[in-house]
Every structure is written in structure tokens, then in C-alpha cells.
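Please read the structure below before turning to the comments.
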Amino acid sequence: MTEQAATSRLGTVSEATVVVAGGGPAGMMLGLMLARAGIDVVVLEKHSDFLRDFRGDTIHPSTLELIEELQLTEKFAKIPYNPVRTTPAGSLEELNIKYPYVAMAPQWDFLDMLADEGRCYPHFHLLMDTEVTDTIREQRRIAGVRYRDRHGQERELRAALTVAADGRHSTLRAASGLPAREYGVPVDVLWFRLSKSESDPQQGIALARVSPGRWIVGIDRRTYWQVAYFVRKGGYAAVQAAGIEAFRQSIRDTAPELVEQAGELKSFDNVSVLDVRVNRAPRWHLPGLLLIGDAAHAMSPLGGVGINLAIQDAVATANILYPALLRAQRTGTPVPEKLLHDVQRRRELPTRVIQSLQRAAQQRLIDPVLRGAEFKVPPLVGVLRRIPQLRRRALRTFALGIRQEHVRTPRVETATEPVLGGQGAPRRNPA
2 MTEQAATSRL GTVSEATVVV AGGGPAGMML GLMLARAGID VVVLEKHSDF
52 LRDFRGDTIH PSTLELIEEL QLTEKFAKIP YNPVRTTPAG SLEELNIKYP
102 YVAMAPQWDF LDMLADEGRC YPHFHLLMDT EVTDTIREQR RIAGVRYRDR
152 HGQERELRAA LTVAADGRHS TLRAASGLPA REYGVPVDVL WFRLSKSESD
202 PQQGIALARV SPGRWIVGID RRTYWQVAYF VRKGGYAAVQ AAGIEAFRQS
252 IRDTAPELVE QAGELKSFDN VSVLDVRVNR APRWHLPGLL LIGDAAHAMS
302 PLGGVGINLA IQDAVATANI LYPALLRAQR TGTPVPEKLL HDVQRRRELP
352 TRVIQSLQRA AQQRLIDPVL RGAEFKVPPL VGVLRRIPQL RRRALRTFAL
402 GIRQEHVRTP RVETATEPVL GGQGAPRRNP A
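FYI, in the numbering used here the residues of the sequence shown are 2 to 432.
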């Protein structure tokens, strides 16, 4: 890190080897892996904490293996989570893998863990409440970002590589002019919280209730249910027009476990709408810029695989780019765009396959139910249950993904005490 950039510990950063926009799973994992490999990295997160109801909680076996490879298993064990071992096709315990379950862990706790570990490396800098607003272009290259700090001041941060990990509504993707192809999705999701009693089951995804016209999933967040209520695309207006009591009654009719809690919804002010999108950028890179995670390919919430796919993107990025980033840090050599293309080539096939499966599930399972049809178990599920070899292959794809990534970067630096990078990352903002 240059002397100029070293002022980041006072809250100002002007230069780094890598700048990552977005402190979600992809951005935080990439920042940690690069910092532990000795690469100066700044992660910019526009919110002041990691608390978001829309964040998914599914940590698949592929990510649990990465956590072990990063020597974070003991820290992760301190996060309260529920192991989910069964799927509609069968049990993950059929697989010969170390972690035969999906850990339902609050994503904000997972991100806090990555941030805490990152602070142990002097090359890691995390600026919270810092919003990326634009790219810096120099001689046909992206040379960094413009951002607004927590005090509202406009600043610039120059970097050899800019990584857009800022989600499905990526500011950097829009600013760079890289388009994304939208794939029609027939559903939206209404999100709301309902209280949870001590007598309720502790099963991770403990509620999955379907009736003609309705599809409800409840995520067990220990002290409350985070409920996902699926509606047809653009259908929220009709739900609102019917009134809050009709909405409460539809919850009671579909999920008897929530009969009493449904009354907690006093108005639609308690309900948020997730505009479900599935899209993919045909090109993930420009000279000096790389898109990963939802910025490159927005995933449906079905299966909860989006988090893990984004993390796999981050690991592949670190594995492929860290030698070139070290050279850039030492000599100022630009990162070859061919290597950025190598990341896309490595991760695009898994993305295409998973998105195709999600779109098929949405169109053939969820959309007919929301149109009023009775739910029918797909014939493929019956085939998988009857044929062990096919079932285990499907379970392995769900658990470990396609082209599973492993940590290949070295661990070259640690600090005995956490290092406060930038403004630091408050674990929780009480406000």
C-alpha cells in the first residue's frame, strides 16, 4: 500500500491494488482471500451494517468446505445455525462429503465473520456506509471508482482492478455500459417477519406450504420467521387491493402454523417486495473491471444457491488473478484482460446451468400453482427417488455445485491483533 493510501486508517483511501464494490458474500470473500495473499484490497459497502431481510441464509456444503480451507471452521461454529440434511430428492447424507447438510445461518453473522477475519490482515480495508457512484476511466481502462463517503463527501479511489460485486442492481455494471440479458421470471416474493415461539420447530427452512394460488416458505431465524410469500409477477397490486385482512387470512389458510402470528401484520407497511430477476451479462469484464456474483448474473431465490454461486465466483477470481495482482502491486503492470475473461470462462457454465434449472422450476412448478393449479410432485423427483445413481448426482450438484472451487491462494500475512481498515465495519448499528 502506498503512503497516500495508508491514510485509510483515518477514513480516507485514494489508491489500492483492488477495489471491490459491495460487501456481500462475493465481495467479502474476495476481499478476505486477496488480503490474506498479501494484496492490498478495499471493499466498499454502501450500508452501515450487514442487516438485510432480503439476505439469504443458505450456506451449502461447497461453502462449508471453503470455510474449512480458510481455517474459519471454529469461528463459523460460533454462529447459530440449523443444519438441513434433506431435500425433495433425498438426503445429503447419501453423499460421501464432509458436510452433508446446508447450514441455515444468518447471512449478516456470516459476513461479520468474514469482516472480522479480514481485519486480521493489514492489507484488508473495509469502508462501510460508502456508496460507489461511478467508474474512473483512463485511456480506455477502468482505473477505479468514485464514491460518496459516510459524510456525503465525493471521493475517488484508484485501483489496478475494480471488481463489481454490488448486486443485481449493480451501479458499476450500469456505469460501465455492460448490458445484462433479462430472462422472464413469472414470480415476485413478498417478505415479512412473524414472531416465533419456543415451541416452534427448529429446522432451518421449517415451513414450506403450498395450496392452489399460494406458495409460502418460512425461514427459521431463531427468534422469528422470515416469510417468503410468492405471488405472480406484478401481482402485489392485486394483493394490496384485496386488503390486509384478506392477505392475513390467506396466510392462515395456507400455513396453519402461522394462524396466530398472521395477525401481527397490521398493514402492508410490514411487507416488502422482492422483484425476482434472473439475468446474465454476456460480457463480465472490461480492461480494469470485472463483474462477479449477482452483478454478473442475478439468480432466483429458488434453492438458495445464489449466495454459494457468488462465493464460488469470488474464489475463482482470487485463484486466477492473484499472481497478476501481485505483479500489479509491485510493478504497476496492468492486469491482462485475458485473465478477466478466464474468470468468466471458468464460472459462466455453472451459472448457465443453474439459471436454466431455476427458470424451469419457476415455470413448471411455482407459476402453475400461483395460477390456481394443484401442486404436483414433478415426475423427475420420482425418477431420482427410484434411481440411486441419478439421485446422488443431483444431490451432489445441489450440494457442491458445478466446477467446485477450492482455495488456491497462499496465506502470506497475518496480524496478531485485528487491524482496523478504513472506517472499519461496525458489527451492528443499534439504530
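The beta carbon of each residue, even a glycine, is placed where N, CA and C say it ideally should be.
Residues bridged to residue i [DSSP beta-bridge criterion]
| i | result |
| --- | --- |
| Val211 | Trp216 |
| Phe231 | Val190 and Trp216 |
| Pro84 | Ala104 |
| Ile143 | Arg138 |
| Asn280 | Glu183 |
| Glu132 | Arg149 |
| Ala165 | Ala22 and Leu292 |
| Trp226 | Leu195 and Asp221 |
| Ser273 | Trp192 |
| Arg159 | Glu16 and Gly145 |
| Ser436 | Limits of the chain in this structure are 2 at one end and 432 at the other, which puts residue 436 out of reach. |
| Leu287 | Leu290 |
| Leu340 | Answer is none; Leu340 lacks a bridge partner. |
| Phe125 | Val42 |
Under 7 Å between C-beta atoms of residue i and residue j
| i | j | result |
| --- | --- | --- |
| Ile367 | Phe193 | no |
| Ala400 | Pro62 | yes |
| Val133 | Tyr148 | yes |
| Asp167 | Ala17 | no |
| Leu292 | Ala175 | no |
| Leu275 | Ala362 | no |
| Glu406 | Ala317 | yes |
| Tyr102 | Pro81 | no |
| Val20 | Gly153 | no |
| Asp130 | Arg151 | yes |
| Phe376 | Val382 | no |
| Val260 | Phe248 | no |
| Ile220 | Asp113 | no |
| Glu70 | Val277 | no |
| Ala181 | Ala329 | no |
| Met30 | Ile312 | yes |
| Ala319 | Leu73 | no |
| Leu173 | Ala22 | yes |
| Ile98 | Leu326 | no |
| Ala256 | Leu322 | no |
Nearest-angstrom Cα separation, counted from residue j out to residue i
| i | j | result |
| --- | --- | --- |
| Ala395 | Leu385 | 8 Å |
| Leu93 | Tyr100 | 9 Å |
| Ala282 | Leu128 | 27 Å |
| Gly402 | Leu310 | 8 Å |
| Thr224 | Leu67 | 28 Å |
| Ser301 | Arg169 | 11 Å |
| Glu75 | Arg233 | 42 Å |
| Gly422 | Pro324 | Bear in mind that a pLDDT of 38 at Gly422, under 50, signals an unreliable position, so the number given afterwards is only what the model happens to contain. So the two alpha carbons sit approximately 23 Å from each other. |
| Ser177 | Val42 | 21 Å |
| Val378 | Thr352 | 25 Å |
| Arg365 | Gly25 | 31 Å |
| Met105 | Thr332 | 44 Å |
| Gln424 | Ser357 | Note that Gln424 scores a pLDDT of 42, beneath 50, so its modelled location is shaky and nothing firm can be said. |
| Arg37 | Val279 | 33 Å |
| Arg412 | Pro213 | 53 Å |
| Leu158 | His126 | 12 Å |
| Asn271 | Leu195 | 10 Å |
| Thr398 | Gln108 | 22 Å |
| Ser15 | Gly28 | 19 Å |
| Ala7 | Leu179 | Only weak support exists for where Ala7 lies, its pLDDT of 34 falling under 50; the coordinates are left without a value. |
| Gln359 | His124 | 38 Å |
| Arg393 | Glu155 | 53 Å |
| Gly185 | Glu338 | 31 Å |
| Arg347 | Ala242 | 47 Å |
| Tyr237 | Gln140 | 46 Å |
| Thr410 | Arg372 | 49 Å |
Which listed residue (the options) has its alpha carbon closest to that of residue i
| i | options | result |
| --- | --- | --- |
| Arg138 | Gly305, Arg328, Pro288 and Ala315 | Pro288 |
| Pro190 | Val228, Gly24, Ala78 and Leu162 | Here residue 190 turns out to be Val, not Pro, going by the sequence shown. Of the candidates Val228, Gly24, Ala78 and Leu162, the one whose C-alpha sits nearest the C-alpha of Val190 is Val228. |
| Val336 | Ala242, Asp295, Arg174 and Leu290 | Leu290 |
| Arg86 | Lys79, Leu96 and Ala78 | Leu96 |
| Gly1 | Gly383, Leu33 and Leu358 | Any answer about residue 1 is impossible in this case: the structure gives the chain only from 2 up to 432. |
| Glu349 | Glu338, Leu322, Trp285 and Pro380 | Trp285 |
| Ala90 | Thr410, Arg404 and Pro380 | Pro380 |
| Thr64 | Tyr237, Thr172, Leu115 and Val44 | Leu115 |
| Ser198 | Arg222, Leu266, Met30 and Val354 | Arg222 |
| Arg344 | Gly305, Pro389 and Gly294 | It is Val, not Arg, that sits at residue 344 in the sequence shown. Checked all of Gly305, Pro389 and Gly294; the closest Cα to Val344 is Gly294. |
| Glu258 | Val211, Ala242, Ala319 and Ala243 | Val211 |
| Thr88 | Arg372, Gly305 and Met30 | Gly305 |
| Trp216 | Ala374, Ala243 and Ile143 | Ala374 |
Going residue by residue through the stretch 22 to 67, where are the continuous alpha helix (DSSP H) segments of at least 4 residues, counting only ones entirely within it?
26 to 37
Contained alpha helix (DSSP H) runs [length at least 4] in the stretch 348 to 394, N- to C-terminal order
368 to 371 and 380 to 387, all fully within the stretch 348 to 394.
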